[in-house]
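Residue numbers (my numbering): 11 to 386.
See below:
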């Protein structure tokens with residue numbers, strides 16, 4: 011396949027949705043700066059976007075099959091970095107970052123991509139996961155980074171690995187009844203997970219079931235959830251950008267971590283329900299196009315890579331937007347392409363670059379025919 015044909019296969023819908031979501035996120039961050047009385051979040055995020063776009067292009071440059079042999083070494087490096095964070099100074103009791111001069115690198119973002127690549131490599135031609143006992147190796151591969159990230163502590167990021175695992179196993183041909191059995195088994199061990207949670211993590215889950223709308227803002231973890239919904243509703247239908255703000259009380263707009271974990275609320279305040287709906291349509295379009303890329307790719311590594319990336323970004327979007335409206339516990343998870351944060355934005359753009367890479371090269375590879383199993 012020549013270069014002209016390859017460039018002609020670029021999934022421009024993915025590119026458009028990515029740019030549109032980054033723009034909306036940047037405008038939401040700008041609104042957060044205005045409500046905070048001014049800060050440097052907006053220019054910093056603009057710099058990160060400038061750095062992330064070449065990373066996205068670089069991820070599309072080489073045929074994605076060349077990354078397959080690098081998947082296991084890259085996964086090993088990511089695990090080493092996840093161990094290295096424990097030697098770094100903690101920030102508010104958490105060990106999630108490695109300081110690199112004026113920036114802080116978050117290894118868990120790299121670990122998500124390396125994990126997807128490694129799992130796609132492992133599953134691409136194997137058949138043993140068609141048996142219940144054969145699912146052990148993929149789960150061990152998953153539990154290692156999950157355990158390391160959970161101890162940072164970072165409950166939200168660690169939970170993202172599980173939907174990615176199930177989506178990729180399902181795409182690779184694992185039997186539905188085996189996956190259902192494992193889900194039920196996981197539900198049965200939830201009490202053990204609860205015992206192992208920190209007091210802060212338990213408090214966030216309890217707050218979800220104790221939330222009350224209206225009235226004065228509660229204290230503790232309930233404050234974040236209360237203010238999240240309050241800021242979101244301030245936008246009304248069209249947002250403060252096109253109408254007068256419904257409240258002149260600055261306390262109504264106070265929201266901790268507004269430009270990171272709760273940037274969706276700022277988008278809602280700036281553009282109202284209409285802006286939130288547009289953002290969700292862009293996400294759904296992005297994920298649908300990603301699944302179309304996976305369906306059109308007959309090469310097994312590329313198909314599983316595309317499925318894993320879509321599952322990761324979809325799960326992250328669902329959890330983040332769910333927690334802003336009180337449907338899920340607050341986990342401290344960023345919204346892909348929109349939240350402030352260099353590591354998150356870079357990792358997301360690299361992941362989308364790999365997805366575009368697969369879409370540009372949906373060809374064949376000499377080897378066993380993938381994903382064909384007997385009915386038993």
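We put the beta carbon where it would ideally sit given N, CA and C, even for glycine. None of these values were measured; they are calculated from a predicted model.
Query: Beta strand (DSSP E) segment containing residue 114, residue limits; Result: 113 to 115
Query: Residue 20, DSSP secondary structure in three states; Result: coil
Query: Inter-residue Cα distance where the pair is residue 174 and residue 66; Result: 21 Å
Query: Separation of residue 61 from residue 324, as counted between CA atoms; Result: 23 Å
Query: N- and C-terminal bounds of the beta strand (DSSP E) containing residue 110; Result: 108 to 110
Query: Coil, strand or helix - residue 298 by DSSP; Result: helix
Query: Proximal residues to residue 177 (C-beta, below 6 Å), its chain only, five neighbours per side dropped; Result: 317, 321
Query: Candidates 348, 159, 108, of which the one nearest residue 40 by Cα; Result: 348
Query: Proximity below 7 Å, CB of residue 27 to CB of residue 345; Result: no
Query: Supposed contact pair residue 242 and residue 275 - C-beta distance, whole angstroms, cut 8 Å; Result: 5 Å
Query: Own chain partners of residue 360 with C-beta closer than 7 Å, once the 5 adjacent residues on each side are dropped; Result: 65, 66, 69, 123
Query: Alpha carbon of residue 195 to alpha carbon of residue 145, nearest angstrom; Result: 14 Å
Query: Length of the line joining the Cα atoms of residue 179 and residue 81; Result: 17 Å
Query: For residue 104, the three-state DSSP class (helix, strand or coil); Result: strand
Query: Candidates 193, 350, 114: closest to residue 50 by CA position; Result: 350
Query: 8 Å Cβ shell around residue 354 - same chain, five flanking residues per side excluded; Result: 116, 119, 344, 346
Query: Proximity below 7 Å, CB of residue 247 to CB of residue 282; Result: yes
Query: Residue 279 (DSSP reduced to helix, strand or coil); Result: helix
Query: Same chain, Cβ closer than 6 Å to residue 168, neighbours up to 5 away in sequence not counted; Result: 156, 159, 160
Query: Cβ-based burial, residue 43 [other Cβ within 10 Å; buried from 16]; Result: buried
Query: Top-ranked residue by Cα proximity to residue 23, from 338, 138, 302, 280; Result: 302
Query: Bounding residues of the alpha helix (DSSP H) (the contiguous stretch that carries residue 314); Result: 310 to 334
Query: Opening and closing residue of the alpha helix (DSSP H) in which residue 2 lies; Result: As shown, the chain starts at 11 and ends at 386. That puts residue 2 outside it, with no answer to give.
Query: Status (buried if at least 16 other CB within 10 Å, exposed otherwise) for residue 379; Result: Unreliable positioning characterises residue 379 in this predicted model, as indicated by a pLDDT of 48, which lies under 50. A coordinate reading is not provided.
Query: Residue from 52, 47, 20, 48 with nearest C-alpha to residue 32; Result: 52
Query: Distance between beta carbons of residue 334 and residue 272, contact taken as under 8 Å; Result: 6 Å
Query: Residue 58 vs residue 352 beta-carbon contact at 7 Å; Result: yes
Query: Nearest neighbour of residue 129, chosen from 151, 362, 114, 140 [CA to CA]; Result: 151
Query: Cα-Cα separation, residue 285 to residue 365; Result: 26 Å
Query: Residue 83 classed as buried or exposed, judged by whether at least 16 other C-beta atoms fall within 10 angstroms; Result: exposed
Query: Sequence-distant residues of its chain with Cβ nearer than 8 Å to residue 29 (five each side left out); Result: none
Query: Exposure label - residue 300; buried when at least 16 CB within 10 Å; Result: buried
Query: Inter-residue CB distance, residue 162 and residue 95 (contact presumed, cutoff 8 Å); Result: 7 Å
Query: CA-to-CA distance, residue 367 to residue 382, given in whole angstroms; Result: Any reading at residue 382 needs caution, since the residue's pLDDT is 46, under 50, leaving its predicted position unreliable; the model's value is listed next. Looking at the two C-alpha atoms, the distance is approximately 25 Å.
Query: Coil, strand or helix - residue 33 by DSSP; Result: helix
Query: Same chain only: Cβ atoms within 7 Å of residue 171, ignoring 5 sequence neighbours per side; Result: 125, 152, 155, 156
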